[in-house]
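Numbering (the numbering used here), first residue to last: 1 to 195. Just so it is clear, CB atoms sit at the ideal spot from N, CA and C, and this is done for glycine as well.
Set out below in structure tokens:
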């Protein structure tokens, strides 16, 4: 699997800096990215919106707490040469919340690649099997269950599981929302199995 943060031609310097910072600190707020990138807060906000329009970043909208809205969290969307980019991230963004039965179901691989993945040259050559719906969440949960005392972040766990950090970040967030994992640190984001 090859992951690249190569930016398309035409990105401004501030957008390139924001992209580099986001690649290292996926799951950060815009103000944190501004600090990591060494650029102003409003500049970082504009740069992140531009990266989102180039499909190089995506945001998780902050929840409302009373009358206060929490800050949006920004994630790096790496460009990958395996079907993982096709299967994991869009499903993680668009899928409805996992049911209890879905989270508890064993992880399975699809018996054959769907037609749209087979049409992609990279998909033909890639050895990575596409996961069934909810499969990545199950992989993440299984890892947390096997290492209950360990606090993990999306990037490190993504490397361990051979999956993208963005998709793993979504899986961790959904497990936390269902009470199966707990967020132990906001910056950097860290999770562990819910006791």
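- Here residue 30 carries a helix assignment [DSSP, helix/strand/coil].
- In the structure shown, residue 57 falls within a strand segment according to DSSP collapsed to helix, strand and coil.
- The criterion of a C-beta distance shorter than 8 Å is satisfied by residue 73 and residue 28.
- As DSSP reads the structure, residue 65 sits in a beta bridge with 68.
- For residue 76, DSSP records a beta bridge to 57.
- In summary, residue 139 is buried, with 16 or more beta-carbon neighbours lying within 10 Å of its beta-carbon over all protein chains present.
- Separation of residue 141 and residue 192 (C-alpha to C-alpha, rounded to the nearest whole angstrom) is 9 Å.
- In this structure, DSSP gives residue 52 a helical state, which the three-state scheme calls helix.
- Cβ contact annotation for residue 71 (same chain, cutoff 8 Å, sequence separation greater than five): 29, 30, 31, 62, in chain order.
- The Cβ atoms of residue 154 and residue 132 do not sit closer than 8 Å to each other.
- Per DSSP, residue 182 lies in no alpha helix (DSSP H) segment; the continuous beta strand (DSSP E) that holds it begins and ends at 181-185.
- With distances taken between CA atoms, residue 188 lies nearest to 151 out of 45, 151, 137.
- Residue 193: member of the beta strand (DSSP E) spanning 190-193, first to last residue.
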